[in-house]
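Here the protein sequences come in this chain order: A, B and C.
Under numbering that gives the first Met the number 0, residues 0 to 290 are what the first sequence spells out, in order.
Under numbering that gives the first Met the number 0, residues 0 to 289 are what the second sequence spells out, in order.
Under numbering that gives the first Met the number 0, residues 0 to 421 are what the third sequence spells out, in order.
Built from N, CA and C at the ideal position, the CB exists for glycine as well.
Just so it is clear, the structure is predicted and the values come from calculations on it, not from any experiment.
The structure under discussion appears below in the form of structure tokens.
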Amino acid sequence: MTEATPIVLPNMAARRVAGIARAIVRTALFALIIVWSAFPILYIVVSSFKQQKEIFKYPPDIIFTPTFEHYAALATKWTGFFPTMGNSLIVAVGATILACVASILSGFVYSRYANRFLAGSVLYLIAIRLLPPIVVTLPLFPVVDALKLSDTHLVLIILYATFWVSLCTMIMKTFIDKIPRTLDEAAVVDGATTMQTLVRVIMPLALQGIAACAIFVFVFAWNEYLFALIFTTQHAKTAPLIISEVMDAVSGTNWGVLFAGVTVQLLPVTLLVMLAQRFLIAGLTAGSVKG
Amino acid sequence: MRRLNPAAILMLAPTHLLLFLVIALPSIYVFWLSLNESTYGSDLTFVGFNNYVTVLTSPYFWRAALNTLIVVNAVVYIELLIAIGMAALFLGGVRYPKIMFAIVLMPYAISEVVGVLVWKIMLNTGSGVLARTIEALGFGMFNWSVSPPLALSVVTLISIWHHLPFTFLLIYAGMLAIPKSLYEASRIDGASRWQEFWRITLPLTVPAILISLIFRFVFAFRLFSEVWLLTAGGPARLTEVLAVYLYQSGFKYGEFGTASATGWLMVLGSLGVASVYLWAMHRRMVSGND
Amino acid sequence: MLRKILATAVLLAATAGSVSAQEPRTLTIISHNVHKTAATGGDLATAQNIAGEWAERNNVTLNWVTLDIGPLHDRLLREMSLGETSVDLAAVLNTRIVPSVASLLEPLDPHMQANPIEDFDGIAEGLRNATVIDGKRVAVPYRHATNALHFNKTLLAERGVAVPATLNEMLAAARAATYTRDDGTRVYGLVTTLDTHVTALQFLSAFGAVYIDADLNVRANSPEMVAGLTELANLYKEGVLPSNVTALGLDELIATMREGRGVFAINPFSRYTALNDPAASLYPGQIDVMPFPTNEPGKASANTEFWSWAIPANSKQKDLAYDLIRELSGKDATVRAALNGNGPVRPAAYDDPRIIEKLPYAAAEAIGLRDASVAVPAFAGAVEATTIFIEEMQAAVLGLKTPEDAAAALQTRAEELVAKSK
Chain A
0 MTEATPIVLP NMAARRVAGI ARAIVRTALF ALIIVWSAFP ILYIVVSSFK QQKEIFKYPP
60 DIIFTPTFEH YAALATKWTG FFPTMGNSLI VAVGATILAC VASILSGFVY SRYANRFLAG
120 SVLYLIAIRL LPPIVVTLPL FPVVDALKLS DTHLVLIILY ATFWVSLCTM IMKTFIDKIP
180 RTLDEAAVVD GATTMQTLVR VIMPLALQGI AACAIFVFVF AWNEYLFALI FTTQHAKTAP
240 LIISEVMDAV SGTNWGVLFA GVTVQLLPVT LLVMLAQRFL IAGLTAGSVK G
Chain B
0 MRRLNPAAIL MLAPTHLLLF LVIALPSIYV FWLSLNESTY GSDLTFVGFN NYVTVLTSPY
60 FWRAALNTLI VVNAVVYIEL LIAIGMAALF LGGVRYPKIM FAIVLMPYAI SEVVGVLVWK
120 IMLNTGSGVL ARTIEALGFG MFNWSVSPPL ALSVVTLISI WHHLPFTFLL IYAGMLAIPK
180 SLYEASRIDG ASRWQEFWRI TLPLTVPAIL ISLIFRFVFA FRLFSEVWLL TAGGPARLTE
240 VLAVYLYQSG FKYGEFGTAS ATGWLMVLGS LGVASVYLWA MHRRMVSGND
Chain C
0 MLRKILATAV LLAATAGSVS AQEPRTLTII SHNVHKTAAT GGDLATAQNI AGEWAERNNV
60 TLNWVTLDIG PLHDRLLREM SLGETSVDLA AVLNTRIVPS VASLLEPLDP HMQANPIEDF
120 DGIAEGLRNA TVIDGKRVAV PYRHATNALH FNKTLLAERG VAVPATLNEM LAAARAATYT
180 RDDGTRVYGL VTTLDTHVTA LQFLSAFGAV YIDADLNVRA NSPEMVAGLT ELANLYKEGV
240 LPSNVTALGL DELIATMREG RGVFAINPFS RYTALNDPAA SLYPGQIDVM PFPTNEPGKA
300 SANTEFWSWA IPANSKQKDL AYDLIRELSG KDATVRAALN GNGPVRPAAY DDPRIIEKLP
360 YAAAEAIGLR DASVAVPAFA GAVEATTIFI EEMQAAVLGL KTPEDAAAAL QTRAEELVAK
420 SK
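See below:
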């Protein structure tokens, strides 16, 4: 680098050109990512405001008079939709809390404790997730029924949380691994218990991991279909079951209502993601301060 | 590193109790089911390893296994490369982060079924907006559903689209957790961004990459909705994957022995596919490093 | 915030629990949404709430669990495998009433002797017979979906093609009506869903082809089957059938017809309403329907699928559930359900003035139902038999196999399956 100092001016110009080129490429890449991610979603959202006749028109109308008939139909004809969204929320929040709490606890142990059994059990954490869930429903169905847990929020919360504790434990472990051990040792010296160390020292510094886990579990629980179908009937029925009824194999899918339902369902998740994004950044600054 | 003590075991309990009661115990019973013949409401008839023989001698099983292997590897690796690139791009700074973040995660936020259906509508031969555009650009009719290689390519594309946010989020969060001080130090040493990426970002993201690889293999191996909704395994059962085979021969016909045996064979298969990464993960655990 | 959400959740759960505790008797029905609409009128302006009136009279709350076809049977079978189920009444598709399933259903003969269904013999004989398994009546037919030929009158007129009367005329008309519009839109002469067995077997049966007959004789390797498969393969090669026909589902068929991209379509009569829906179709009132023609003038060929009501043997309120079946199966209830859009299983219902006035296709469907036979008989291997058929049929249509080879393979494989099931 020091040898380059005599020709400072042309180098600066070259750097500026390179900087502009970089900015253009970056912008183009972001544009590509937006189109790739958002186009199909936009198709759904826009279609939900079109009349049934216009949804599949080619070439599609870009400008049209929006209609709210499908949203009205969702509220008046598919009366189950909004109440089941309440169930979905209960189940998704419950599963997220349960999975995150369990994973933070176990992730901490996997990160901070050494034991041969512990190392082996990491493989077990993953291997146990290899059996296709649909097969596991065979023995689970009669057991859940016998325990009188059928059609309760609790059964879905337990199931959904279980499906994610393996992954979330691994995620929490990797994030806690990055936190210097000297920090929790210092806390212990100050007289904090293990639990206090975890809550006051570790958790604030592992926010990115917690945010990622929360997004995964919530989104999964919010959209899950198979287990909701098998384990609920009325009381704990979740919104994806209504969505699947709109996709009707006997009288044909009502596309407008389907797209309206999907759009409504997308809103809470989008809000959650935007909220979680703040935590990802928060974790970042905490990490750099600690540096 | 501390020795395992009762308090630590107590902290492990919720995770391991959930896994043991909800998955491990039923899985053992499923293995017992795989050694029996049974259907809805029937008693079990012990048949030894007959169900495994039935499945392993079925040409449909092997075709499904081959299709699964191809699609899973394509999906997992392509997705990983794109996710790393995207995460690096985001790491270099992003405008309107909240909105960008929401947009990028959207494909993951809608249910798999709906995602696949929308793509199907857009790609419908002769009527879908994308299929017609491809045709209008002069590439000829995009008739993917009757051609197994094309159909499986579409399956791969949609699967990547839907799950990319998962891999991206894991890797991006991993990259965000790298202390800034490391970059500052390297910048003082005059390292270029490219060198920074190879020397700091990528090596320190390996744990996250490993986790996302393993879990994407696990999830991709049981890929179902994409194939079921696009082709239902057709034409002539040529695009079936293992989960579709399991559903067809196990659940549609109500043969739980076959279903359970296929399930356990899928466990072995996915263990095989992900074994390298599982081994790497285990090594990291044993050596106790990051 | 989170605490508030949880508190609300607990509160919601508690109130919901206490409300259900106060209610008198609840009857849980598991069915497809179409059965609920047939029995209650759903949200129709002209709703005939047959089940609701019965419920009010008997101080019963009806708890409808509506699911799509696959999930419905999966869930029902799981429920019937338990020691006791909360499902009291279920709608079942004919191909699913196989002997192993029938053994989990309540035999209805004792109930019917004690408390007969009004004019039971007025229900179409074929449907009545198909719901008796091993000498026991296990279900009561409620809704039929008989296949027919839909056609777009406007498009036929535009292409100068006359409405056909025989199978050969129909094939010629479909070919003549296939063309590409100026904007590049392809119009297909014949649209059908070859991702399922029912519509393909409908086409083949017009040639006189039978896959497996009611006595479980496999009759797939016949000149009629080969002729039918050859014709299907030719239609595909010539572009008369949509190019993605093997993956074409019901939704796409409906969209294709509504948008005028298809001229003829093979689908049940009752699809008339959806295809002519002014809110969704570009050709409202222009898509007519007729019984599927054969080459014998005046004789139709009709494949049918039908739904029945059945009671799980392990349910708790069998008498109450039977009483609702009895109510729904009565003569007048059948007509009123048809006004809700149901396919009435009593041929006499088609003579009712209310139906003639409401359903433009009533006369055609009456003919269809008269000539109808079940696509695949119910036997232990019925579902697998349909999978085999779909595989071989698709191979023949796409030219992966010759029609002769496909028919021969179909014969061998189905014979093995039937032998195994016996």
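Exercise for review: Identify which residue in Ala38/C, Val396/C, Ala336/C and Val417/C has its Cα closest to the Cα of Lys460/C.
Suggested key: The structure shown has nothing for residue 460/C, since chain C only spans 0 to 421.
Point to revise | Other residues of its chain near Asn294/C: CB distance less than 7 Å, five sequence neighbours each side excluded | key: A distance below 7 Å between beta-carbons, with the five flanking residues on each side excluded, links Asn294/C to the following residues of its chain, in chain order: Thr165, Leu166 and Asn167.
Practice item. May I have the straight-line CA-CA distance separating Tyr224/A from Leu241/B, to the nearest angstrom? Key: So the alpha carbons of these two residues sit roughly 20 Å apart.
Check your understanding: Whose C-alpha, out of Ser274/B, Ala108/B, Val217/B and Gly268/B, is nearest the C-alpha of Ser36/A?
Key -> Taking only the C-alpha atoms, the option nearest Ser36/A is Ala108/B.
Review point. Name the chain A residues that come within less than 7 Å of His281/B, Cβ to Cβ?
Key: Chain A residues near His281/B: Ala118, Val121 and Leu122.
Exercise for review: Can you say whether Asp24/C is buried or exposed, counting buried as having 16 or more other CB atoms within 10 angstroms of its CB?
Suggested key: Note that residue 24/C corresponds to Arg in the displayed sequence, not to Asp. Arg24/C is exposed by the Cβ-count criterion.
Check your understanding: By the 10 Å Cβ neighbour count, where 16 or more other Cβ atoms means buried, how is Lys400/C classified, buried or exposed?
Key -> By the 10 Å Cβ count, Lys400/C comes out buried.
Practice item. Report the residues of the stretch 359-377 of chain C with a CB closer than 9 Å to any CB of chain D, ordered along the chain. Key: Any reference to chain D falls outside this structure, whose protein chains are A, B and C.
Check your understanding: Closer than 7 Å, Cβ to any Cβ of chain B: which residues of the stretch 79-96 of chain C, in chain order?
Key -> Listed by position, the residues of the stretch 79-96 of chain C near chain B (Cβ gap below 7 Å) are Met79 and Ser80.
Practice item. Step through the CB atoms of chain A and report whether any lies within less than 7 Å of the CB of Ala147/C. Key: For Ala147/C, the answer is no, since every Cβ of chain A falls outside 7 Å of its Cβ.
Point to revise | Buried versus exposed, by CB contacts within 10 Å (16 or more), Gly125/B | key: Looking at its Cβ environment, which holds 16 or more other Cβ atoms inside 10 Å, Gly125/B is buried.
Point to revise | Beta carbon proximity, Glu53/A to chain C, threshold 7 Å | key: Closer than 7 Å: no.
Practice item. Compare the C-alpha of Met169/A against each of Glu183/B, Leu34/B, Trp197/B and Phe214/B and name the closest. Key: Considering only Glu183/B, Leu34/B, Trp197/B and Phe214/B, the residue with the shortest C-alpha distance to Met169/A is Phe214/B.
Check your understanding: Leaving out five residues before and five after Leu181/B in sequence, what residues of the same chain have Cβ atoms less than 6 Å from its Cβ?
Key -> Taking C-beta separations shorter than 6 Å and ignoring five residues to either side along the sequence, the partners of Leu181/B in its chain run Ile199, following chain order.
Point to revise | Cβ shell of Ala394/C (< 8 Å), same chain only, five flanking positions each side left out | key: Excluding sequence neighbours, Ala394/C sits near Lys400 and Ala405.
Point to revise | Reduced DSSP secondary structure (H/G/I, E/B, other) of Phe305/C | key: Phe305/C: strand per DSSP, three-state reduction.
**Study point:** Three-state secondary structure assigned by DSSP to Ala279/C
**Key:** Coil, per DSSP.
Point to revise | Continuous alpha helix (DSSP H) assignments of at least 4 residues falling wholly in the stretch 6-78 of chain B | key: If we require 4 residues or more, the alpha helix (DSSP H) runs fully inside the stretch 6-78 of chain B come out as 24-33 and 49-55.
Exercise for review: May I have the straight-line CA-CA distance separating Ala336/C from Thr65/C, to the nearest angstrom?
Suggested key: The straight-line gap from Cα to Cα measures roughly 17 Å.
Review point. Sorted by chain position, which residues of the same chain lie with C-beta nearer than 6 Å to Gly207/C's C-beta, five sequence neighbours on each side aside?
Key: Around Gly207/C: Glu223.
Point to revise | Coil, strand or helix - Gly302/A by DSSP | key: A query on residue 302/A cannot be resolved here, the shown segment of chain A reaching from 0 to 290 and no further.
Review point. Closest Cβ-Cβ distance between Ser259/B and chain C: below 7 Å?
Key: Chain C contact via Cβ: absent.
Practice item. Please state whether DSSP places His281/B in a helix, a strand or coil. Key: Helix at His281/B.
Review point. Whose C-beta lies closer than 6 Å to the C-beta of Ala213/C among residues of the same chain, with five residues either side of it excluded?
Key: The answer, listed in chain order, is Pro376.
Review point. By Cβ distance below 6 Å, which residues in the same chain neighbour Ala20/C in space, the five residues on each side in sequence not counted?
Key: With a pLDDT of 43 at Ala20/C, under the threshold of 50, the modelled position of that residue is not reliable, and the figure given next carries that caveat. Beyond the five residues adjoining it in sequence on each side, Ala20/C comes within less than 6 Å, by CB distance, of no other residue in the same chain.
Check your understanding: Got a sec, what are the start and stop residues for the beta strand (DSSP E) Ile265/C sits in?
Key -> Gly261 to Pro267 is the extent of the beta strand (DSSP E) around Ile265/C.
Check your understanding: Less than 7 Å separating the beta-carbons of Ala238/A and Leu73/A?
Key -> The Cβ atoms of Ala238/A and Leu73/A lie no closer than 7 Å to each other.
Exercise for review: Pull up the DSSP beta-bridge partners for Leu92/C, would you.
Suggested key: Assignment of beta-bridge partners to Leu92/C by DSSP yields Trp306/C.
Exercise for review: Compare the C-beta of Thr14/B against all C-beta atoms of chain A and say whether one is closer than 7 Å.
Suggested key: Yes, Thr14/B counts as interfacial toward chain A.
Review point. How big is the Cα-Cα spacing for Ala186/A and Met202/A?
Key: The C-alpha of Ala186/A lies about 13 Å from the C-alpha of Met202/A.
Review point. Hey, Pro164/B and Leu104/B: beta-carbon distance below 7 Å or not?
Key: Yes, the pair counts as a contact, with Cβ atoms nearer than the cut-off.
Practice item. Could you check if Ile19/A is buried or exposed, using at least 16 other CB atoms within 10 Å of its CB as the buried criterion? Key: Exposure of Ile19/A is indicated by the presence of fewer than 16 other C-beta atoms within 10 angstroms of its C-beta.
Review point. What residue from Val205/B, Phe218/B, Leu122/B and Gln194/B has the CA that sits closest to Leu228/B's CA?
Key: Comparing alpha-carbon positions, the option among Val205/B, Phe218/B, Leu122/B and Gln194/B lying closest to Leu228/B turns out to be Leu122/B.
Exercise for review: Please state if the CB of Tyr360/C and the CB of Val288/C are separated by a distance shorter than 7 Å.
Suggested key: Closer than 7 Å, so yes.
Review point. What is the residue span of the alpha helix (DSSP H) that Trp53/C lies within?
Key: Here the alpha helix (DSSP H) through Trp53/C covers Ile49 to Arg56.
Review point. Using Cβ-Cβ distances below 8 Å, what residues of the stretch 220-249 of chain B are close to chain C?
Key: The stretch 220-249 of chain B vs chain C, Cβ under 8 Å: Leu229, Thr230, Ala231, Gly233, Pro234, Ala235, Arg236 and Gln247.
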